[in-house]
Amino acid sequence: MAETREKLLEIKNLKKHFRIDRKHTLRAVDGISFDIYRGETFGLVGESGCGKSTAGRTILRLYDASDGEVKFHGENVHARKSKKELKSFTRSMQMIFQDPYASLNPRMTVKDIIAEGIDIHGLAKNKKERTERVNSLLKTVGLNTEHGNRYPHEFSGGQRQRIGIARALAVDPDFIVADEPISALDVSIQAQVVNLLKRLQKDHGLTYLFIAHDLSMVKHISDRVGVMYLGNMAEIATSKELYENPMHPYTQALLSAIPLADPEVERTRERIIVEGDVPSPISPPSGCRFRTRCPFATDICAKVVPEFQEYKKEHWVACHLYDERYADQMKQ
Amino acid sequence: MKKLLEVKDLSISFDTYGAEVQAVRNISFHLDEKETLAIVGESGSGKSVTAQSLMRLVPMPPGKFVGGSIIFDGEDITQKSEKQMESIRGKDISMIFQDPMTSLNPTMTVGKQIAEGLIKHQNLSKKAAHDRGVELLKLVGIPNPEARIKQYPHQYSGGMRQRAMIAIALACNPKILIADEPTTALDVTIQAQILDLMRELQDKTGTAIILITHDLGVVANAASRVAVMYGGKIVETGTVDEIFYNPKHPYTWGLLGSMPKLDAEGEELQAIPGSPPDLADPPKGCPFVTRCPYAMKVCEQHMPDYKELSSTQKTACWLLDERAPDVEPPESAIVGGTEVHG
Ligand SMILES: Nc1ncnc2c1ncn2[C@@H]1O[C@H](COP(=O)(O)OP(=O)(O)O)[C@@H](O)[C@H]1O
Ligand SMILES: Nc1ncnc2c1ncn2[C@@H]1O[C@H](COP(=O)(O)OP(=O)(O)O)[C@@H](O)[C@H]1O
Ligand SMILES: [Mg+2]
Ligand SMILES: [Mg+2]
Numbered sequence: 000m001a002e003t004r005e006k007l008l009e010i011k012n013l014k015k016h017f018r019i020d021r022k023h024t025l026r027a028v029d030g031i032s033f034d035i036y037r038g039e040t041f042g043l044v045g046e047s048g049c050g051k052s053t054a055g056r057t058i059l060r061l062y063d064a065s066d067g068e069v070k071f072h073g074e075n076v077h078a079r080k081s082k083k084e085l086k087s088f089t090r091s092m093q094m095i096f097q098d099p100y101a102s103l104n105p106r107m108t109v110k111d112i113i114a115e116g117i118d119i120h121g122l123a124k125n126k127k128e129r130t131e132r133v134n135s136l137l138k139t140v141g142l143n144t145e146h147g148n149r150y151p152h153e154f155s156g157g158q159r160q161r162i163g164i165a166r167a168l169a170v171d172p173d174f175i176v177a178d179e180p181i182s183a184l185d186v187s188i189q190a191q192v193v194n195l196l197k198r199l200q201k202d203h204g205l206t207y208l209f210i211a212h213d214l215s216m217v218k219h220i221s222d223r224v225g226v227m228y229l230g231n232m233a234e235i236a237t238s239k240e241l242y243e244n245p246m247h248p249y250t251q252a253l254l255s256a257i258p259l260a261d262p263e264v265e266r267t268r269e270r271i272i273v274e275g276d277v278p279s280p281i282s283p284p285s286g287c288r289f290r291t292r293c294p295f296a297t298d299i300c301a302k303v304v305p306e307f308q309e310y311k312k313e314h315w316v317a318c319h320l321y322d323e324r325y326a327d328q329m330k331q
Numbered sequence: 000m001k002k003l004l005e006v007k008d009l010s011i012s013f014d015t016y017g018a019e020v021q022a023v024r025n026i027s028f029h030l031d032e033k034e035t036l037a038i039v040g041e042s043g044s045g046k047s048v049t050a051q052s053l054m055r056l057v058p059m060p061p062g063k064f065v066g067g068s069i070i071f072d073g074e075d076i077t078q079k080s081e082k083q084m085e086s087i088r089g090k091d092i093s094m095i096f097q098d099p100m101t102s103l104n105p106t107m108t109v110g111k112q113i114a115e116g117l118i119k120h121q122n123l124s125k126k127a128a129h130d131r132g133v134e135l136l137k138l139v140g141i142p143n144p145e146a147r148i149k150q151y152p153h154q155y156s157g158g159m160r161q162r163a164m165i166a167i168a169l170a171c172n173p174k175i176l177i178a179d180e181p182t183t184a185l186d187v188t189i190q191a192q193i194l195d196l197m198r199e200l201q202d203k204t205g206t207a208i209i210l211i212t213h214d215l216g217v218v219a220n221a222a223s224r225v226a227v228m229y230g231g232k233i234v235e236t237g238t239v240d241e242i243f244y245n246p247k248h249p250y251t252w253g254l255l256g257s258m259p260k261l262d263a264e265g266e267e268l269q270a271i272p273g274s275p276p277d278l279a280d281p282p283k284g285c286p287f288v289t290r291c292p293y294a295m296k297v298c299e300q301h302m303p304d305y306k307e308l309s310s311t312q313k314t315a316c317w318l319l320d321e322r323a324p325d326v327e328p329p330e331s332a333i334v335g336g337t338e339v340h341g
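Protein sequence lines, in the order shown, are assigned to chains F and X.
Note that numbering that gives the first Met the number 0 numbers the first sequence so that position 304 is 303, with each residue one more than the last.
Note that numbering that gives the first Met the number 0 numbers the second sequence so that position 287 is 286, with each residue one more than the last.
Quick look at the structure:
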């Protein structure tokens, strides 16, 4: 990507808290900041419950933000909007879900599911144009015209995901949040869907936020990757850099935990195994949230929240290990 | 190496909507003492039904036993009475599942659930079973076992529930542990802990493991031998090195090619086109024929015999027939020299 990259999205200190009861708040997303450039795929990874889906939904305004802001094309996503503004906004941002089945109305034909957005936004002048559009979308995602007359339950998981993708594409969006779109699919089918998403991105100039917990697939599809832990962003880098030089101990542990499909390597590999489970987002640890599982944690990590800083070009990390101010304390 | 278990020509079907779903079709394999045999394949290929049939847990009806034998300890499991099976389950052969919540009893403390098998199979007293339970929880790495043993499954995290299930499964020192996608629902960091734990326990107890998974990384990490299933059949079997470094079946090539390589740049993934066969009406010949880029006329009509490529590797593919053209595995299926960072 050239120097003249255009920021399609700017996410600043975004927070989404859920009220559990009178005394408790769950900090699902707790102050994350990053940009997404036009035409790129930004991958978001982290263990389940770390706030990936909540982040994706808040960015799309499916949830109100508790704090912070999201700018899309320079405009505040969460600002008050007229009906008309809201409509054009929902048209340009779409979502693809993990479970295509749950997100497709079982009583509608595939044709009508795909055409829903076309109808809402009046994108077809007449019935003929509507049909043509749907047929061309079916073809784009690797299905055929005849599939349009069937119902979702008649399709396999991979085909349903194609239907979900066609529905998202129908309104010509600029930006798509794909929330674990392949997690429920078999490996051989995952590859089909990932190849399709990549091709569509090229052909339609799409920008993706690709959410997954499978780091190897994220690395494959993303230009840049953000690693989340307990509602915070631990690290952001280009996917190559993140894989070759992970800086945050959590990223290192995450990469090291992935079993590689190479028995020889698996037999000889030294692993960083993190102990225990992820703490509760209702009462997260003080200071650095990873410190309770971090092999390098010292006293300072419990006291001071690490700042998210660009330690190398385009490589952002929130960890005291790299902060000169704490060099002495971290040596212990 | 002594054979612990030998499955011969096993076939299991399900009667559904007037159609017969042929879930497992004529499969044969064996399990050696102390080894870990992985069964891999996509969903619906018959892995779980195979596992369930070893413990006679396939619901019948709708399931039905079509033929074959499962020899364990010199006797055929398929011929045993339900009563005889009860004394084998949990004692000689144990099973753990993908979702611990479906097999753990939510209304019973973890301690009670561990004690059940010990009291039944080993005639331990309540007190002795409790003490052994604490020991087992400690063994599987549950912190604070004295307190934890009194808790209910919902008070455990996902990773801890999986550990508890392993503790229950291993309570009576079974000869065989069947693990059906034990880490599929877990995050990678927890998966790494559980795989480590299983290896450690196997070293200690010598239990042979049948590990069912669809993740080739997990296979490479944990298995000594591999059986690749597709469409209700085992299409290839071999040592873990043979399957990864010298695979001969195009489906195995396809699986290896579909995986993104962590150390590779973003070239297109080699997806396997199409989708798996409908087991209510499977292809007459090779189950992979509809998706195989090398399919020939003969593959449609006739299932190939197994060709013995070594004393350990067997592959069922017409490409291995001497009359077939020479085909090299695609670049994408070549494994080796993965670079490790981090
Ligand atoms: N609607 C909600 N109400 C309350 N808590 C929620 C809600 N949605 C998500 N959470 C909680 O927020 C945290 C982050 O969830 P989520 O964004 O789904 O994580 P991820 O997608 O990374 O698995 C979790 O602890 C989850 O239980
Ligand atoms: N209880 C059942 N009733 C009907 N069909 C079943 C039942 N259990 C499994 N099957 C069918 O048997 C086939 C193999 O299933 P399974 O062994 O669960 O696959 P895998 O574990 O490899 O994903 C599938 O077609 C599945 O639908
Ligand atoms: Mg999620
Ligand atoms: Mg299964």
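All C-beta atoms, glycine included, are put in the ideal place defined by N, C-alpha and C.
These numbers come from a predicted model, not from an experiment.
Within chain F, the residues that M343 of chain X reaches when beta carbons sit closer than 8 Å: Within the shown structure, residues of chain X are numbered from 0 to 341, placing residue 343 of chain X beyond reach of any answer.
Looking at P60 of chain X: is its Cβ nearer than 8 Å to the Cβ of L103 of chain X? As a first step, residue 60 of chain X is located in the second sequence; it is residue number 61 there, counting from the start. As a first step, residue 103 of chain X is located in the second sequence; it is residue number 104 there, counting from the start. Cβ distance not < 8 Å, so P60 of chain X and L103 of chain X don't count as in contact.
Let me check you understand the geometry: is the CB of T15 of chain X closer than 7 Å to at least one non-hydrogen atom of ligand 2? In the second sequence, residue 15 of chain X corresponds to position 16, counting from 1. Yes; taking the cut-off as 7 Å, the Cβ of T15 of chain X has a heavy atom of ligand 2 nearer than that.
Beta-carbon proximity list for H16 of chain F, same chain, < 6 Å, skipping 5 on both sides: Translated into positions along the first sequence, residue 16 of chain F becomes position 17. If we look at H16 of chain F and ignore the five residues flanking it on each side, its Cβ neighbours are T24, R26, S65.
Give a yes or no on whether 8 Å exceeds the smallest Cβ distance from Y242 of chain F to chain X. In the first sequence, counting from the first residue as 1, residue 242 of chain F sits at position 243. Y242 of chain F counts as touching chain X.
Here's the rule: buried if 16 or more other CB atoms are within 10 angstroms of the residue's CB, otherwise exposed. What is E338 of chain X? Against the second sequence, residue 338 of chain X aligns to sequence position 339. So E338 of chain X counts as exposed.
Taking the alpha helix (DSSP H) that T250 of chain F belongs to, which residues open and close that run? Walking along the first sequence from the start, residue 250 of chain F turns up at place 251. Counting along the chain, the alpha helix (DSSP H) containing T250 of chain F begins and ends at 248-256.
If we ignore side chains and look at the alpha-carbon of each, how far apart do I118 of chain X and D130 of chain X end up? Against the second sequence, residue 118 of chain X aligns to sequence position 119. Against the second sequence, residue 130 of chain X aligns to sequence position 131. Roughly 12 Å separates the two Cα atoms.
Assign R18 of chain F to one of three DSSP states: helix, strand, or coil. Translated into the one-based positions of the first sequence, residue 18 of chain F becomes position 19. If DSSP states are grouped into helix, strand and coil, R18 of chain F belongs with the strands.
is_contact[M0 of chain F, chain X] using C-beta, thresh 8 Å: Translated into the one-based positions of the first sequence, residue 0 of chain F becomes position 1. Here the model assigns M0 of chain F a pLDDT of 49, short of 50, so the residue's position is not dependable and the matter cannot be decided.
Go ahead and label S301 of chain X buried or exposed: buried means 16 or more other beta carbons lie within 10 angstroms of its beta carbon, across all protein chains shown. Walking along the second sequence from the start, residue 301 of chain X turns up at place 302. The sequence given here places His at residue 301 of chain X; Ser does not occur at that position. Under this definition H301 of chain X is an exposed residue.
Candidates F:V170, F:V303, F:H319, of which the one nearest Y310 of chain F by Cα: In the first sequence, the residue the question calls residue 310 of chain F occupies position 311. It is F:H319.
Would you say S187 of chain F lies against chain X (beta-carbon separation less than 8 Å)? Within the first sequence, numbered from 1, the residue matching residue 187 of chain F stands at position 188. Closer than 8 Å: yes.
State the CB to CB distance for the pair F71 of chain X and I11 of chain X, rounded to an integer number of angstroms; the pair is presumed to be in contact (CB under 8 Å). In the second sequence, counting from the first residue as 1, residue 71 of chain X sits at position 72. In the second sequence, counting from the first residue as 1, residue 11 of chain X sits at position 12. In fact, because the Cβ distance is near 17 Å, the residues do not count as touching under 8 Å.
Assuming H29 of chain X is part of the beta strand (DSSP E), what are its boundary residues? Your numbering for residue 29 of chain X matches position 30 in the second sequence. Taken as a continuous stretch (DSSP letters only), the beta strand (DSSP E) holding H29 of chain X covers 18-31.
Amino acids of chain X, ordered along the chain, whose beta-carbon sits closer than 9 Å to that of I272 of chain F: Your numbering for residue 272 of chain F matches position 273 in the first sequence. Chain X residues near I272 of chain F: T188, A191, Q192, D195.
Compute the Euclidean distance between the alpha carbons of T108 of chain F and K306 of chain X, then round it to the nearest angstrom. Translated into positions along the first sequence, residue 108 of chain F becomes position 109. Translated into positions along the second sequence, residue 306 of chain X becomes position 307. Rounded to whole angstroms, T108 of chain F to K306 of chain X spans 47 Å at the Cα level.
Could you tell me whether the Cβ atoms of I210 of chain F and S52 of chain F are closer together than 8 Å? Stepping through the first sequence from its first residue, residue 210 of chain F is reached at position 211. Stepping through the first sequence from its first residue, residue 52 of chain F is reached at position 53. Result yes, Cβ atoms of I210 of chain F and S52 of chain F sit closer than 8 Å.
According to the Cβ coordinates, are A207 of chain X and K174 of chain X closer than 8 Å? Within the second sequence, the letter at position 208 stands for residue 207 of chain X. Within the second sequence, the letter at position 175 stands for residue 174 of chain X. For A207 of chain X and K174 of chain X, yes; Cβs fall inside 8 Å.
Runs of alpha helix (DSSP H) lying entirely within the segment 9-83 of chain F, each at least 4 residues, in chain order: 51-58
For M232 of chain F, would you say it is in contact with chain X, using Cβ-to-Cβ distances shorter than 8 Å as the test? Reading the first sequence from its first residue, position 233 is the one you call residue 232 of chain F. No - not a single Cβ of chain X is within 8 Å of the one on M232 of chain F.
Less than 8 Å separating the beta-carbons of R292 of chain F and E269 of chain F? On the first sequence, position 293 is the one that residue 292 of chain F refers to. On the first sequence, position 270 is the one that residue 269 of chain F refers to. No, these two residues do not count as a Cβ contact at 8 Å.
E235 of chain X to N104 of chain F, Cα distance in whole Å? Counting from 1 along the second sequence, the entry for residue 235 of chain X is found at position 236. Counting from 1 along the first sequence, the entry for residue 104 of chain F is found at position 105. Between E235 of chain X and N104 of chain F, the C-alpha separation is close to 40 Å.
At a cut-off of 7 Å, is S387 of chain F close to ligand 4 when judged by its beta-carbon and the heavy atoms of the ligand? Nothing can be reported for residue 387 of chain F: it is not among the residues displayed for chain F, which extend from 0 to 331.
What is the DSSP secondary structure of F71 of chain X, counted as helix, strand or coil? Here residue 71 of chain X refers to the residue found at position 72 when the second sequence is read from its first residue. DSSP places F71 of chain X in strand when its eight states are reduced to three.
Near G273 of chain X, what residues of its chain come up, given a Cβ to Cβ distance below 8 Å and the 5 sequence neighbours on each side ignored? Looking up residue 273 of chain X in the second sequence gives position 274. Answer for G273 of chain X: T289, R290, listed in chain order.
In angstroms with no decimal places, state the Cα-to-Cα distance between I69 of chain X and E85 of chain X. Taking the first residue of the second sequence as 1, we reach residue 69 of chain X at position 70. Taking the first residue of the second sequence as 1, we reach residue 85 of chain X at position 86. Roughly 16 Å between the two C-alpha positions.
Could you give the residue range of the alpha helix (DSSP H) that holds W333 of chain F? Because chain F in this structure spans residues 0 to 331, residue 333 of chain F falls outside the shown range and cannot be described.
Nearest-angstrom Cα distance between Y79 of chain F and G157 of chain F? What you label residue 79 of chain F is simply residue 80 of the first sequence in a count that begins at 1. What you label residue 157 of chain F is simply residue 158 of the first sequence in a count that begins at 1. For the sequence presented, residue 79 of chain F should be read as Arg rather than Tyr. Each residue's Cα considered, the two are about 38 Å apart.
So who's on the other strand from F96 of chain X, going by DSSP bridges? On the second sequence, residue 96 of chain X is found 97 positions in, with the first residue counted as 1. In the DSSP output, where bridge partners are listed per residue, F96 of chain X has none listed.
Below 7 Å, is the gap between the Cβ of V20 of chain X and the nearest heavy atom of ligand 2? Residue 20 of chain X sits at position 21 when you count from the first residue of the second sequence. Yes, the beta carbon of V20 of chain X sits closer than 7 Å to at least one heavy atom of ligand 2.
One question on the structure: do I281 of chain F and I19 of chain F come within less than 8 Å of each other, judged by their Cβ atoms? Position 282 of the first sequence, counted from the start, is the residue given in the question as residue 281 of chain F. Position 20 of the first sequence, counted from the start, is the residue given in the question as residue 19 of chain F. Contact flag set, yes.
C-beta neighbour in chain F for D240 of chain X, strict 8 Å: Indexing the second sequence from 1 puts residue 240 of chain X at position 241. Closer than 8 Å to some Cβ of chain F, the Cβ of D240 of chain X qualifies, so yes.
Can you check which of these residues, X:E41, X:A168, X:G157, X:V297, is closest to K192 of chain X by C-alpha distance? Reading the second sequence from its first residue, position 193 is the one you call residue 192 of chain X. Before going on, a small fix: residue 192 of chain X reads as Gln here, not Lys. If we check each option's Cα against that of Q192 of chain X, X:G157 comes out closest.
Between R324 of chain F and V316 of chain F, what straight-line distance do the alpha-carbon atoms span, to the nearest angstrom? The sequence position of residue 324 of chain F within the first sequence is 325, counting from 1. The sequence position of residue 316 of chain F within the first sequence is 317, counting from 1. Rounded to the nearest angstrom, the two C-alpha atoms are 15 Å apart.
Ligand 3 heavy atoms versus the CB of K51 of chain F: any closer than 7 Å? Walking along the first sequence from the start, residue 51 of chain F turns up at place 52. K51 of chain F: yes, Cβ under 7 Å from ligand 3.
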